[in-house]
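*Asks:* Handing you this structure, nothing more for now.
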Amino acid sequence: MSILFSPLRIRSVTFRNRLWVSPMCMYSAVDGVVQEWHHTHLAQFASGGAGLIIAEATAVVPDGRISPRDVGLWNDEQRDAWVPIVQAIHDRGAVAGVQLAHAGRKASTWWPWAEGSGSVPAAEGGWTTTAPSDIAYEGFAAPVALDADGIERIVDAFAAAARRALDAGFDVLELHGAHGYLLHQFLSPLSNLREDEYGGPLENRARLLLRVVDAVRATAGDDVPLFVRISATDHAEGGFTPEEAATVGTWAEEHGADLIDVSSGGLVAHQQISVFPGYQVPLAATVRQGGRIPVSAVGLITAAAQAEQVLADGAADAIFAGREWLRDPHFALRAAHELGAEVAWPPQYERAHWR
């Protein structure tokens with residue numbers, strides 16, 4: 110019996126398997142509204158057997174977008190545009206999730222294939238960014254440090270975006286606390302130099318994340334799974350550590366999170382990261398604490414046997430993948446075939462299962 114293709118139940122939601130699609134920015138929205146590209150992009154993974162598909166980092170406020178082409182959930186037009194996409198995912202048997210995000214000091218940047226790089230000037234559609242402290246990300250414009258009112262608005266914005274996500278039909282909510290974006294910026298002592306209740310010791314640096322967990326859980330009620338993605342290390346001296354990540358994971362669970370989605374890096378531009386297949390799996394194992402906290406693993410997990418082994422070793426409870434799904438939108442069906450797992454194939458694809 111394959112662990113990868115065994116079901117997993119979290120609160121009221123049952124996932125048909127544990128091979129999931131990571132949120133991946135497409136930089137293809139118009140005024141925060143998803144387009145036909147997003148529909149085709151996400152629905153194909155459901156046809157390909159994914160258990161859960163988490164839509165890309167979705168900004169809770171306009172100035173929380175990574176780029177002017179990011180998707181959002183700060184108004185009802187954006188909510189309504191998601192409805193047919195979520196329905197398409199459901200129609201193909203998968204669970205639909207969305208990652209709620211604020212980019213902080215890494216907002217207002219050019220998308221990857223734009224002619225420019227770094228921060229987008231105001232004259233070309235950019236805006237002033239905000240962060241825990243007025244420290245710029247290398248190569249980007251300096252942000253403005255958030256005041257108390259600004260922090261309150263962000264907590265409220267996450268809750269409002271969660272409400273819209275649920276109204277659009279999403280089954281799972283994920284908070285983006287990784288990759289150098291706003292919640293991660295508060296967690297890391299490299300970007301958070303505040304001297305108030307949001308800075309200094311770990312319990313203060315984690316305060317905003319936990320307040321957002323509280324607000325979103327209150328909005329979602331008891332039935333909706335809530336995930337938190339974290340960078341379990343900054344890969345930089347003096348930064349956020351795996352041991353701190355394990356502690357924050359415990360706190361997040363106590364506040365209502367159900368699973369910690371463990372990634373790494375993104376806070377500083379100069380870090381040296383040794384990348385190899387499954388390079389972030391040990392971080393997931395650290396946060397999981399021997400099964401104490403449910404976690405997912407991600408990072409160059411590209412093969413069925415590799416993903417199965419991560420779960421068999423007890424390093425994680427589920428597997429997220431990104432680039433491999435882009436290379437093969439039917440990654441889960443291929444993995445099931447290779448592992449000999451019995452899964453329900455779409456009848457249109459059944460012939461591919463014939464041996």
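Counting in my numbering, the sequence shown runs without a single skipped number right up to 464 at its last residue.
Built from N, CA and C at the ideal position, the CB exists for glycine as well.
Please read all numbers here as calculations on a predicted model, not as lab measurements.
Give the straight-line distance between the Cα atoms of residue 390 and residue 382, rounded to the nearest whole angstrom.
*Replies:* Taking the straight line joining both Cα atoms gives about 14 Å.
*Asks:* I need the straight-line Cα distance from residue 301 to residue 346, nearest angstrom please.
*Replies:* In a straight line, the C-alpha of residue 301 is about 15 Å away from that of residue 346.
*Asks:* Quick test of your reading: residue 128 and residue 151, contact by CB under 8 Å. State the CB separation rounded to the nearest angstrom.
*Replies:* In fact, because the Cβ distance is near 16 Å, the residues do not count as touching under 8 Å.
*Asks:* In the DSSP assignment, find the unbroken alpha helix (DSSP H) run with residue 150 in it and report its ends.
*Replies:* 145-156 is the span of the alpha helix (DSSP H), which, as asked, contains residue 150.
*Asks:* Reducing DSSP to helix, strand and coil, say where residue 254 ends up.
*Replies:* Residue 254: strand per DSSP, three-state reduction.
*Asks:* Considering only residues of the same chain and omitting the five flanking positions on each side of residue 175, which have a CB-CB separation below 7 Å?
*Replies:* Cβ within range, chain order: 134, 166, 212, 215, 216 and 218.
*Asks:* Report back the beta-carbon spacing between residue 298 and residue 375 to the nearest angstrom; my notes put them in contact at under 8 Å.
*Replies:* That belief does not hold up - the Cβ atoms of residue 298 and residue 375 are roughly 15 Å apart, past 8 Å.
*Asks:* Hey, out of 159, 223, 262 and 130, whose CA is closest to residue 200's CA?
*Replies:* The residue with the shortest Cα to Cα distance from residue 200 is 159.
*Asks:* What number of angstroms, rounded off, separates the C-alpha of residue 459 from the C-alpha of residue 405?
*Replies:* Those two C-alpha atoms are separated by around 29 Å.
*Asks:* Could you check if residue 185 is buried or exposed, using at least 16 other CB atoms within 10 Å of its CB as the buried criterion?
*Replies:* The residue in question, residue 185, is exposed, as its Cβ has fewer than 16 Cβ neighbours within 10 Å.
*Asks:* Residue 387 to residue 206, Cα distance in whole Å?
*Replies:* Distance between the alpha carbons of residue 387 and residue 206: 23 Å.
*Asks:* Here's the rule: buried if 16 or more other CB atoms are within 10 angstroms of the residue's CB, otherwise exposed. What is residue 325?
*Replies:* Buried, by the Cβ-count rule.
*Asks:* Between the C-alpha atoms of residue 169 and residue 266, what's the straight-line distance to the nearest angstrom?
*Replies:* Roughly 6 Å between the two C-alpha positions.
*Asks:* Tell me, to the nearest whole angstrom, how far the beta carbon of residue 125 is from that of residue 116; I am working on the premise that it is less than 8 Å.
*Replies:* The Cβ separation is near 6 Å, so the contact holds.
*Asks:* Mapping DSSP to helix, strand and coil, what is residue 283?
*Replies:* Strand, per DSSP.
*Asks:* Whole-angstrom Cβ separation of residue 130 and residue 434, contact assumed at under 8 Å?
*Replies:* Indeed they touch by this definition, with Cβ atoms about 5 Å apart.
*Asks:* Of the residues 154, 177, 110 and 141, which one's Cα is nearest the Cα of residue 233?
*Replies:* Comparing Cα positions, the closest option is 177.
*Asks:* Using beta-carbon positions only, say whether residue 147 and residue 210 come within less than 8 Å of one another.
*Replies:* The answer is no: Cβ separation not under 8 Å.
*Asks:* For residue 156 and residue 189, I'd like the C-alpha separation in whole angstroms.
*Replies:* Their backbone Cα atoms lie some 23 Å apart in a straight line.
*Asks:* Please identify the residue among 162, 384, 245 and 344 whose C-alpha is closest to the C-alpha of residue 440.
*Replies:* The option with the nearest alpha carbon to residue 440 is 162.
*Asks:* Fully enclosed by the segment 361-406, which alpha helix (DSSP H) runs are 4 residues long or longer?
*Replies:* Counting only runs of 4 or more, we get 390-397.
*Asks:* Tell me the rounded alpha-carbon separation between residue 442 and residue 307.
*Replies:* Straight-line Cα distance between these residues: approximately 45 Å.
*Asks:* Identify every residue that forms a DSSP beta bridge with residue 208.
*Replies:* Note: residue 208 sits in a beta bridge opposite 166 and 283.
*Asks:* Please report the residue range of the alpha helix (DSSP H) in which residue 194 lies.
*Replies:* Looking at the DSSP string, the run of the alpha helix (DSSP H) that includes residue 194 is 185-200.
*Asks:* Going by beta-carbon coordinates alone, are residue 410 and residue 369 separated by less than 8 Å?
*Replies:* Cβ atoms of residue 410 and residue 369: not closer than 8 Å.
*Asks:* Go to residue 178, then tell me how far its alpha helix (DSSP H) extends in each direction, as first and last residue.
*Replies:* First-last for residue 178: undefined, no H or E at that position.
*Asks:* Tell me where the beta strand (DSSP E) around residue 328 begins and ends.
*Replies:* Counting along the chain, residue 328 falls outside any beta strand (DSSP E), though it belongs to the alpha helix (DSSP H) covering 316-329.
*Asks:* Enumerated in chain order, which unbroken segments of the beta strand (DSSP E) with a length of 3 residues or greater are wholly contained in the segment 409-437?
*Replies:* The segment 409-437 contains these whole beta strand (DSSP E) runs: 427-430.
*Asks:* Could you name the residues of the same chain whose beta carbon sits closer than 6 Å to that of residue 247, not counting the 5 residues immediately before and after it, in chain order?
*Replies:* Same-chain partners within the cutoff: 378.
*Asks:* Between the Cα of residue 287 and those of 195, 194, 351 and 365, spot the shortest distance and give me the residue it belongs to.
*Replies:* Closest by alpha carbon: 351.
*Asks:* Taking residue 311 as the reference, give the member of 253, 224, 361 and 272 with the closest Cα.
*Replies:* Here the closest residue by C-alpha is 361.
*Asks:* Among all the DSSP beta bridges, which residues are the ones paired with residue 339?
*Replies:* The partner list for residue 339 (beta bridge, DSSP) reads 286 and 371.
*Asks:* Cβ of residue 230 less than 8 Å from any chain E Cβ?
*Replies:* This model lacks chain E altogether; it includes just one protein chain.
*Asks:* From the DSSP output, in three-state form, read off residue 302 for me.
*Replies:* Residue 302 falls in the coil class under three-state DSSP.
*Asks:* Using beta-carbon positions only, say whether residue 238 and residue 255 come within less than 8 Å of one another.
*Replies:* No, Cβ-Cβ distance for residue 238 and residue 255 is not below 8 Å.
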